[in-house]
Amino acid sequence: MTGRIVEWGIFAAVVAAGVAVAIFGSGYYAQTLFTATMLILLAVGWNVISGFTGYVSFGQVSFFGLGAYVAALVMIHMAAPWYVAAPVAALAGIIVALPLGLIMLRLNGIFFALGMFGLARIMEIIASSLGITGGPMGTTVPVAQSVNECALVMVLAAAAALIASYRLMRSRLGLRLMAIRDDAVAAEASGVNTWTIKVVAFCISAGIAAIGGSLYVWNVGYLDPSSAFTGTIELQTILIVLTGGIGTVWGPLIGGIVIAALSTALWARFPMEEQIVLGALIMFIAVAMPGGLMSAVSRLGWLKRAPIWGPPVDPTTLPPVATDEATSGAPAAREPVLSCRGLGIRFGGVVAVKDVDVTAYPAEMLAIIGPNGAGKSTLFNLISSFALPSVGEVSFAGHKVSGLPAHALARRGIARTFQTSRLFPLLTVWETVLLAASSLYATRADAVAATTRILAEVRLLDHWAEYPDTLPPGRQRLLEIARALALKPRVLLLDEAMAGMSAQEIERVHAALRHAMARGTAVIAIEHVLPAIAPLARRVQVLDFGQTIAEGIPRQVLSNPTVIEAYMGADYEEPAHGGA
Ligand code: ADP
Ligand code: MG
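Numbering (the working numbering), first residue to last: 8 to 587.
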């Protein structure tokens, strides 16, 4: 706590120093400050989409230029002051970013980066060819009365952006952005609408860049396409974030100060060599310190990101869980909660799943077993909408759900784990479960209570502030199960969840599953070998070569000769194959 106060004290001192220079500094210092804080503002914006969300953009300057043009038009044609032009520019940035984001964020990593690069070039060409604001020759724009005024506004804008980014990283939205960055598939499985959330981040970052552009034209009083969409600003923005620490709240500030100080010092002494030295330095930082200066700072224990909505509450103070709708229905009714008919999918020539029916009833477990490559994991992908079936349909709670996005199914109550563990490397144990809980609960208090309860149940509460890679493999799987349970699933799909667990950990999972089933959850558990779940399973379904070859109560199925042959045969012939 005192650490936080010191950190905010330092931040306040830095801002106060900026304000003092802006007010009392000479023109040269005020202009230098303006440029540095403008780059910090742009760095904060770039960091939202490229750092927090993980979508590296090479065209953020598109929105800087757009903001500059919109502000210029507003100032010229409506004779509006900067404080009207800037919000209009931000709005324009957001409005343009919305459709662009909807398209571009369908692209993966490098294609998004390149697409954004192309966008900046296209915007520059549009600005040149349209007659408005002087075409390629540019135009003058009403300029600020003094550079000191510009610097002051920019210092405050950058400070506000930093505070906003700090708040973002302590919010539900920030949690979702980081989850997407770490593992978008796992985020979907946790009920996060990854596409929409990415578009929101993109719009926020575009709005911030547009504000930077609007204040830039107000400062220089002149605008032409090549300076509005210059690659130099793009590069400087990226360099600042990389130097400071990508994906961290304070990286843009630290990087901005260091780069500004260095380039000013270099410029004064070696004006010709400045760019070369700076470039070499960046290469050094990229190689020697991939996490930027923030990695060194956080190694000292400073400026650490506090777990979102933590710490947990004391579980003994929580009220008992109210029985929910799922449990109140009489289990004797035997209405299936999930029923899949004729599911099938082929990958090229491989028919991975063929004509499979799956029926799951509330409050009981169905075990799915079969040799490696039998199509078990693929079947789960079809049920949970991570893959689209070529044929067949899935009905859940009486409704056809085939074709719904995976996150929507997760929210409705089909939760899953993955055969190869998919945890978020940079989210704590607490945040991992909170992410899923916050997909379900509207209020912070409810999400925190649910997260606390589930972590206490699987006995991971003591590890709440740890990162997944510090947990032993069995605990990692337990955490993934806890994340799925946080969705309060009516159907829980476990893909070889107990593989590699100690007997004690398996007992914990069994306890958690019994508990969930007592609340009415239907569990479908894939295991490679039956003993891990036989004590809990009511029915067993055996897959081989994508088809159901047997089903029934465990003892019956295990003595079925077809099963013994398929199972043992495949197991012994190709022990190391498949298992994706
Ligand atoms: P299991 O989980 O039972 O071990 P899987 O469902 O992982 O089996 O795989 C079933 C078959 O489908 C395997 O032959 C596998 O190679 C194939 N398969 C699974 N996913 C894909 C994919 N995305 N593309 C191509 N083939 C796939
Ligand atoms: Mg599998």
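We treat Cβ as the ideally placed atom computed from N, Cα and C, and that holds for glycine. All values derive from a computational prediction rather than experimental measurement.
Is it the case that the Cβ atoms of residue 503 and residue 554 are separated by a distance below 8 angstroms?
As a working mapping, residue 503 is identified with position 496 in the sequence shown. As a working mapping, residue 554 is identified with position 547 in the sequence shown. In this structure, the beta-carbon distance from residue 503 to residue 554 does not fall below 8 angstroms.
So, helix, strand or coil for residue 511, using DSSP?
Translated into the one-based positions of the sequence shown, residue 511 becomes position 504. When DSSP states are grouped into helix, strand and coil, residue 511 belongs to the helix group.
Alpha carbons only, please: which of 187, 202, 415 is nearest the one belonging to residue 112?
Position 105 of the sequence shown, counting from 1, holds the residue named residue 112. Considering only alpha carbons, the answer is 202.
The beta strand (DSSP E) enclosing residue 449, as first and last residue numbers:
For the purposes of this step, residue 449 is taken as residue 442 along the sequence shown, with counting starting at 1. Taken as a continuous stretch (DSSP letters only), residue 449 belongs to no beta strand (DSSP E), as it is neither H nor E.
Just to confirm, does residue 393 get its C-beta within under 7 angstroms of one of the non-hydrogen atoms of the ligand ADP?
The residue given as residue 393 occupies position 386 in the sequence shown. At a cut-off of 7 angstroms, the beta-carbon of residue 393 does not count as near the ligand ADP: no heavy atom of the ligand is closer than that.
Kindly indicate which residue of 364, 221, 441, 486 has the alpha-carbon position closest to the one of residue 87.
For the purposes of this step, residue 87 is identified with residue 80 of the sequence shown, where counting begins at 1. Selected option, being the one with the closest Cα: 221.
For residue 584, does the three-state DSSP call read helix, strand or coil?
Looking up residue 584 in the sequence shown gives position 577. Note that residue 584 scores 41 on pLDDT, short of 50, meaning its location in the model is unreliable; the coordinates nonetheless yield the value given after this. Coil, per DSSP.
Can you find the residues in the same chain that come closer than 6 angstroms, C-beta to C-beta, to residue 150, ignoring five residues on each side of it along the sequence?
Counted from its first residue, the sequence shown places residue 150 at position 143. Here the set comprises 228.
State yes or no: is the C-beta of residue 551 nearer than 7 angstroms to some heavy atom of the ligand MG?
Walking along the sequence shown from the start, residue 551 turns up at place 544. False, no ligand heavy atom lies under 7 angstroms from that Cβ.
Using the rule of at least 16 other Cβ atoms within 10 Å of the residue's Cβ for burial, across every protein chain shown, is residue 481 buried or exposed?
Reading the sequence shown from its first residue, position 474 is the one you call residue 481. Counting Cβ neighbours within 10 Å, residue 481 comes out buried, since at least 16 surround it.
Opening and closing residue of the alpha helix (DSSP H) in which residue 233 lies
Taking the first residue of the sequence shown as 1, we reach residue 233 at position 226. Run containing residue 233: 232–235, per the alpha helix (DSSP H) assignment.
In this structure, what does DSSP give as the bridge partners for residue 407?
The residue you call residue 407 lines up with position 400 of the sequence shown. Bridge partners of residue 407: 402.
Under a Cβ-count criterion, where at least 16 other Cβ atoms within 10 Å of its own Cβ denotes burial, should residue 162 be classed as buried or exposed?
Here residue 162 is taken as the residue at index 155 of the sequence shown, counted from 1. By the neighbour-count rule (16 or more Cβ atoms within 10 Å), residue 162 is buried.
State buried or exposed for residue 80, treating a residue as buried only when at least 16 other CB atoms are found within 10 Å of its CB.
Here residue 80 refers to the residue found at position 73 when the sequence shown is read from its first residue. Label assigned to residue 80: buried.
Do residue 357 and the ligand ADP come close, with the Cβ less than 7 angstroms from some heavy atom?
As a position in the sequence shown, residue 357 is number 350, starting the count at 1. The answer is yes for residue 357.
Could I get the ranges of all uninterrupted alpha helix (DSSP H) runs contained in the segment 450–506, with 4 residues as the minimum, in chain order?
Runs of the alpha helix (DSSP H) inside the segment 450–506: 451–464, 480–492.
Around the Cβ of residue 578, are there at least 16 other Cβ atoms within 10 angstroms (buried) or fewer (exposed)?
The sequence position of residue 578 within the sequence shown is 571, counting from 1. With a pLDDT of 47 at residue 578, under the threshold of 50, the predicted position of this residue should be treated as unreliable, though the coordinate-derived value follows. Flag for residue 578 reads exposed.
Can you give me the C-alpha to C-alpha distance between residue 109 and residue 341, rounded to a whole angstrom?
Position 102 of the sequence shown, counted from the start, is the residue given in the question as residue 109. Position 334 of the sequence shown, counted from the start, is the residue given in the question as residue 341. Roughly 43 angstroms between the two C-alpha positions.
Sort 266, 104, 192, 34 by Cα distance to residue 68 and report the nearest one.
Along the sequence shown, one-based indexing puts residue 68 at 61. Comparing Cα positions, the closest option is 104.
What do you reckon, are the CB atoms on residue 429 and residue 158 nearer than 8 angstroms?
Locating residue 429 in the sequence shown gives position 422, where the first residue counts as 1. Locating residue 158 in the sequence shown gives position 151, where the first residue counts as 1. No, these two residues do not count as a Cβ contact at 8 angstroms.
Can you round the beta-carbon distance between residue 216 and residue 71 to whole angstroms, since I take them to be within the 8 angstroms contact cut?
The residue labelled residue 216 in the question sits at position 209 within the sequence shown. The residue labelled residue 71 in the question sits at position 64 within the sequence shown. Yes, residue 216 and residue 71 are in contact; Cβ-Cβ is about 5 angstroms, under 8 angstroms.
Just checking my contact of residue 423 with residue 500 at CB under 8 angstroms: how many whole Å lie between their CB atoms?
The sequence position of residue 423 within the sequence shown is 416, counting from 1. The sequence position of residue 500 within the sequence shown is 493, counting from 1. Sure, about 4 angstroms apart at Cβ, within 8 angstroms.
Member of 352, 356, 348 whose CA lies at the smallest distance from the CA of residue 367:
One-based indexing of the sequence shown puts residue 367 at position 360. Each of 352, 356, 348 was checked against the Cα of residue 367, and the nearest Cα belongs to 348.
Specify the secondary structure class of residue 134 as computed by DSSP and reduced to three states.
By 1-based counting over the sequence shown, the position of residue 134 is 127. Helix.
Nearest residue (CA-CA) to residue 543, options 46, 133, 214, 373:
The residue labelled residue 543 in the question sits at position 536 within the sequence shown. Out of 46, 133, 214, 373, 373 has the C-alpha closest to the C-alpha of residue 543.
With respect to 7 angstroms, is the separation between the Cβ of residue 381 and the closest non-hydrogen atom of the ligand ADP below this value?
As a working mapping, residue 381 is identified with position 374 in the sequence shown. Correct: residue 381 has its Cβ closer than 7 angstroms to the ligand ADP.
Three-state secondary structure (DSSP) of residue 362
Locating residue 362 in the sequence shown gives position 355, counting from the first residue. Looking at residue 362 - three-state DSSP - the assignment turns out to be strand.
Quick one: measure Cβ to Cβ for residue 486 and residue 439, integer angstroms, because I've assumed they're closer than 8 angstroms.
Along the sequence shown, one-based indexing puts residue 486 at 479. Along the sequence shown, one-based indexing puts residue 439 at 432. Residue 439 and residue 486 do touch by the CB rule: their CB atoms are close to 6 angstroms apart, below 8 angstroms.
Looking at the ligand ADP, does it come within less than 7 angstroms of residue 65, judged from the CB to the closest heavy atom?
As a first step, residue 65 is located in the sequence shown; it is residue number 58 there, counting from the start. Flag unset: Cβ of residue 65 not near the ligand ADP.
Pull up the CB-CB distance for residue 473 and residue 516, whole angstroms please, since I reckon it's below 8 angstroms.
As a first step, residue 473 is located in the sequence shown; it is residue number 466 there, counting from the start. As a first step, residue 516 is located in the sequence shown; it is residue number 509 there, counting from the start. Taking the Cβ atoms as the reference, residue 473 lies roughly 19 angstroms from residue 516, outside the contact range of under 8 angstroms.
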